[in-house]
Ligand SMILES: C[S@@+](CC[C@H](N)C(=O)[O-])C[C@H]1O[C@@H](n2cnc3c(N)ncnc32)[C@H](O)[C@@H]1O
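This is the structure in structure tokens:
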């Protein structure tokens, strides 16, 4: 994508009413004005809210919002040119149960309040092989998600990365979290139903490379702070 193309998308992004682009000062060590108010002030209903983290172009957010009109969906990513695609689609199709936020997920506790969110999808996140603190399923992030997820809230992880899948599974096991499902090849095992077969931009690239796509669903609720797992990470190179 050329620089000119990016600038055009950034400009158009400002016209999309469902795309929120908080300034650093609005989320850094400060509660955003919409924290706790996404349903009352944005969606104007009391439906469950589901997040997609690192949503890129927002394929899951858009597809799920169309399948489940009685739920609200919020896609979050830092890359404005990627978000443009989902936000434009939501705008042109008048999707009233969709919002996108351009921000670093690092600021997520400034955006959502206790019990405000019922599920989280993490789709094809960078596994961050070397840095636990940057991994979207690492304990630092999970402990933050716990502050706003319902007690029975679910995290769905779909990935091509064996490292990310096994790491998150070990973390869930070693912290005695409720594991709802763990599948290490959703297409090979015919598990990909109409929800798991929604394909993202990155997923299509990984499928072309012949990589197996995995799925993990678990509930991160626990009385104590989560601990990093002790596991054989050297076994996995991706
Ligand atoms: C590998 S891409 C996957 C995008 C999309 N889910 C897909 O499957 O096509 C990972 C995305 O996560 C976003 N991301 C990673 N870490 C982030 C963070 N801390 N805050 C916001 N976005 C982040 C990146 O900008 C990128 O768009």
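Residue numbers (this note's numbering): 78 to 315. By construction, the Cβ of each residue, glycine as well, lies at the ideal position given by its N, Cα and C atoms.
(message) Along the chain, where does the alpha helix (DSSP H) containing residue 248 start, and where does it finish?
(response) The sequence position of residue 248 within the chain shown is 171, counting from 1. Counting along the chain, the alpha helix (DSSP H) containing residue 248 begins and ends at 239-251.
(request) Rank 224, 169, 155 by C-alpha distance to the C-alpha of residue 179 and give the top, closest one. (result) Taking the chain shown and counting its residues from 1, one reaches residue 179 at position 102. It is 155.
(request) With a cut-off of 8 Å on the beta carbons, I'd call residue 127 and residue 198 a contact; round off their distance for me. (result) Position 50 of the chain shown, counting from 1, holds the residue named residue 127. Position 121 of the chain shown, counting from 1, holds the residue named residue 198. So it is a contact: roughly 7 Å between Cβ atoms.
(request) Please list, in chain order, all residues of the same chain as residue 78 whose beta carbon is under 7 Å from its beta carbon, the five residues on each side excluded. (result) By one-based count along the chain shown, residue 78 stands at place 1. Hits under 7 Å: 158.
(request) Note down the Cα distance separating residue 248 from residue 240, rounded to an integer number of angstroms. (result) In the chain shown, counting from the first residue as 1, residue 248 sits at position 171. In the chain shown, counting from the first residue as 1, residue 240 sits at position 163. Those two C-alpha atoms are separated by around 12 Å.
(request) Specify whether the segment 95-103 and the segment 135-148 touch according to this definition: at least 3 beta carbon pairs, one from each stretch, less than 8 Å apart. (result) no
(message) Any residue with its C-beta under 5 Å from a non-hydrogen atom of ligand 1 counts. Can you list them all in chain order?
(response) 131, 133, 154, 155, 156, 181, 182, 200, 201, 277, 278, 279
(message) Would residue 277 and residue 200 qualify as a contact pair, given that the criterion is a beta-carbon distance under 9 Å?
(response) Stepping through the chain shown from its first residue, residue 277 is reached at position 200. Stepping through the chain shown from its first residue, residue 200 is reached at position 123. Yes, they are a contact pair.
(message) For a test of the three-state rule: what should DSSP assign to residue 309, helix, strand or coil?
(response) Translated into positions along the chain shown, residue 309 becomes position 232. Reduced to three states, the DSSP call for residue 309 is coil.
(request) Could you round the C-beta distance between residue 167 and residue 139 to whole angstroms and report it? I think they count as a contact, below 8 Å. (result) The residue labelled residue 167 in the question sits at position 90 within the chain shown. The residue labelled residue 139 in the question sits at position 62 within the chain shown. About 7 Å; that satisfies the 8 Å criterion.
(request) Consult DSSP for residue 234 and reduce its assignment to one of helix, strand or coil. (result) In the chain shown, the residue the question calls residue 234 occupies position 157. Residue 234 falls in the strand class under three-state DSSP.
(message) According to DSSP, residue 154 sits in a beta bridge with which residue or residues?
(response) Working through the chain shown from its first residue, we reach residue 154 at position 77. Looking at the DSSP assignment, residue 154 forms a beta bridge with 179.
(message) Only counting the same chain, and skipping five residues up and downstream in sequence, which positions put a Cβ closer than 6 Å to that of residue 124?
(response) Here the question's residue 124 lines up with position 47 in the chain shown. The answer, listed in chain order, is 147, 148, 149.
(request) Classify residue 194 as helix, strand or coil using the three-state DSSP reduction. (result) What you label residue 194 is simply residue 117 of the chain shown in a count that begins at 1. In the structure shown, residue 194 sits in a strand (DSSP, three-state: E or B).
(request) With residue 258 as the anchor, note down where its beta strand (DSSP E) starts and where it stops. (result) On the chain shown, residue 258 is found 181 positions in, with the first residue counted as 1. Start and end: 255-260.
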